[in-house]
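*Asks:* Numbering (the numbering used here), first residue to last: 36 to 404.
All residues carry an ideal CB built from backbone N, CA and C; glycine is no exception.
1. What is the rounded straight-line gap between the Cα of residue 360 and the Cα of residue 353?
2. Pull up the CB-CB distance for residue 410 and residue 295, whole angstroms please, since I reckon it's below 8 Å.
3. Give a yes or no on whether the C-beta atoms belonging to residue 282 and residue 310 are separated by under 8 Å.
4. Please classify residue 56 as buried or exposed, where buried requires at least 16 neighbouring CB atoms within 10 angstroms.
5. Any contact between the stretch 264-280 and the stretch 164-171? By contact I mean 3 or more CB pairs, one from each, below 8 Å.
6. Suppose contacts are defined by Cβ-Cβ distances below 8 Å. Is residue 366 in contact with residue 337 by that definition?
7. Just how far apart, CA to CA, sit residue 249 and residue 72?
8. For the alpha helix (DSSP H) holding residue 170, just list the boundary residues, first then last.
9. Tell me the DSSP secondary structure of residue 297 in three-state form.
10. Rounded to a whole number of angstroms, what is the C-alpha to C-alpha distance between residue 390 and residue 157?
11. Opposite residue 471 in the DSSP bridges: which residues?
12. Going straight from the alpha carbon of residue 100 to that of residue 108, what length do you get?
13. Could you tell me which whole alpha helix (DSSP H) segments of length 4 or greater appear in the stretch 244-300?
14. How big is the Cα-Cα spacing for residue 149 and residue 139?
15. Figure out for me which residue from 159, 69, 82, 106 has the closest Cα to the Cα of residue 124.
16. How big is the Cα-Cα spacing for residue 75 and residue 261?
17. Can you tell me whether DSSP reads residue 308 as helix, strand or coil?
18. Grouping DSSP H, G and I as helix and E and B as strand, with all else coil, what is residue 138?
19. Between residue 115 and residue 155, how many whole angstroms is the CB-CB distance? I'm expecting something under 8 Å.
20. Between the stretch 328-336 and the stretch 300-307, do at least 3 Cβ pairs fall closer than 8 Å?
21. How far does the alpha helix (DSSP H) with residue 83 in it extend, from its first residue to its last?
22. The alpha helix (DSSP H) spanning residue 102 covers which residue range?
23. With the cut-off set at 8 Å, would you say residue 186 and residue 126 are in Cβ contact?
Here's what the structure looks like:
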């Protein structure tokens, strides 16, 4: 039988127009790739331990299963030195969280806070056990802490795939010795920060041994070209070794989506390193942040999803393929997490599916063999 080229094309299209893999199938998902479809899971274990139940299409599931089934392939967990104020992130807690991620087929991103509590641009307190040390002693303590932490994780089969040394350290960390102030640009403090970072990287590399592990340096300047350039230029000047640039980008702190785009383009072309927006977030109900100004999207469940889609599109289109992923902070948080008050997952869970989930072909395969 003679088949015209038009009919051949139609037949090919019919075969290739297969079903999108159902998120409820879960088997073998997320499909392996280098891009990080990420979510911070630092409070997942504690939420479940307190009896929290979470639903996907009315089915009760572990939160990690929900994330994985919708294409997420990375989870981020932060570690405090000696957690205070009801923060659960002890080493034992982080080991259990890392093991759970690996059991769900997800990669593990470890966030070393270097504090006993929160560490961010407004507060970077030195852990109490290190406060009275001289600088050289504290450098050694950073090295030993990183080495011993990674060794414990490795021995527990919970080795991270990526580690960030410090959290949002655009203003430095381990204050006051490592404080960086734009109005007081002290070369000595930049040297102190570089010493701490080098010590941390050394400890991580030694503990990792022959296991591949990526190092991230994370700042909060997601929409600021000048601050980002000033920080990473100094990292290069001081010889700090790292693999990945990490940025925070929140709409109430870091500018517009176009600011993010400009910064990613500038950083990619200047440093030629992978870049991850390792923190972003948006509210699904009205917040105080946009009481007097118009938000980029409505503060609704659908607007929250639109925000993540928009941020991800910008990262995906970073020059030279250097956009490596996006992480949401914090999926268990009331008002801007992934679940409503009754534990039902919100529309944001679908935001990355078109990139993350494999196509199920008519022959049952997920790709051409």
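*Replies:* Taking the structure as given:
1. The residue labelled residue 360 in the question sits at position 325 within the chain shown. The residue labelled residue 353 in the question sits at position 318 within the chain shown. Distance between the alpha carbons of residue 360 and residue 353: 10 Å.
2. Because the chain is modelled from 36 through 404, residue 410 falls outside the range shown and cannot be assessed.
3. Locating residue 282 in the chain shown gives position 247, counting from the first residue. Locating residue 310 in the chain shown gives position 275, counting from the first residue. Contact flag set, yes.
4. Counting from 1 along the chain shown, the entry for residue 56 is found at position 21. Residue placement at residue 56 is flagged as unreliable, the pLDDT there being 38, under the threshold of 50; a coordinate-derived value is accordingly withheld.
5. no
6. The residue given as residue 366 occupies position 331 in the chain shown. The residue given as residue 337 occupies position 302 in the chain shown. Cβ distance not < 8 Å, so residue 366 and residue 337 don't count as in contact.
7. Indexing the chain shown from 1 puts residue 249 at position 214. Indexing the chain shown from 1 puts residue 72 at position 37. Cα to Cα, residue 249 sits roughly 16 Å from residue 72.
8. What you label residue 170 is simply residue 135 of the chain shown in a count that begins at 1. 170-190 is the extent of the alpha helix (DSSP H) around residue 170.
9. The residue labelled residue 297 in the question sits at position 262 within the chain shown. Helix at residue 297.
10. Mapped onto the chain shown, residue 390 falls at position 355. Mapped onto the chain shown, residue 157 falls at position 122. Each residue's Cα considered, the two are about 35 Å apart.
11. Any answer about residue 471 is impossible in this case: the structure gives the chain only from 36 up to 404.
12. Counting from 1 along the chain shown, the entry for residue 100 is found at position 65. Counting from 1 along the chain shown, the entry for residue 108 is found at position 73. Whole-angstrom Cα-Cα distance: 11 Å.
13. 260-272
14. Position 114 of the chain shown holds residue 149. Position 104 of the chain shown holds residue 139. Each residue's alpha carbon lies about 28 Å from the other.
15. Reading the chain shown from its first residue, position 89 is the one you call residue 124. For residue 124, the nearest C-alpha among the options comes from 82.
16. In the chain shown, the residue the question calls residue 75 occupies position 40. In the chain shown, the residue the question calls residue 261 occupies position 226. Answer to the nearest angstrom: the Cα atoms are 27 Å apart.
17. Locating residue 308 in the chain shown gives position 273, where the first residue counts as 1. Three-state DSSP puts residue 308 in coil, outside helix and strand.
18. Here the question's residue 138 lines up with position 103 in the chain shown. Helix at residue 138.
19. For the purposes of this step, residue 115 is taken as residue 80 along the chain shown, with counting starting at 1. For the purposes of this step, residue 155 is taken as residue 120 along the chain shown, with counting starting at 1. So it is not a contact: roughly 13 Å between Cβ atoms.
20. no
21. The residue labelled residue 83 in the question sits at position 48 within the chain shown. 79-84 is the span of the alpha helix (DSSP H), which, as asked, contains residue 83.
22. One-based indexing of the chain shown puts residue 102 at position 67. Its alpha helix (DSSP H) spans residues 98-104.
23. Mapped onto the chain shown, residue 186 falls at position 151. Mapped onto the chain shown, residue 126 falls at position 91. Cβ atoms of residue 186 and residue 126: not closer than 8 Å.
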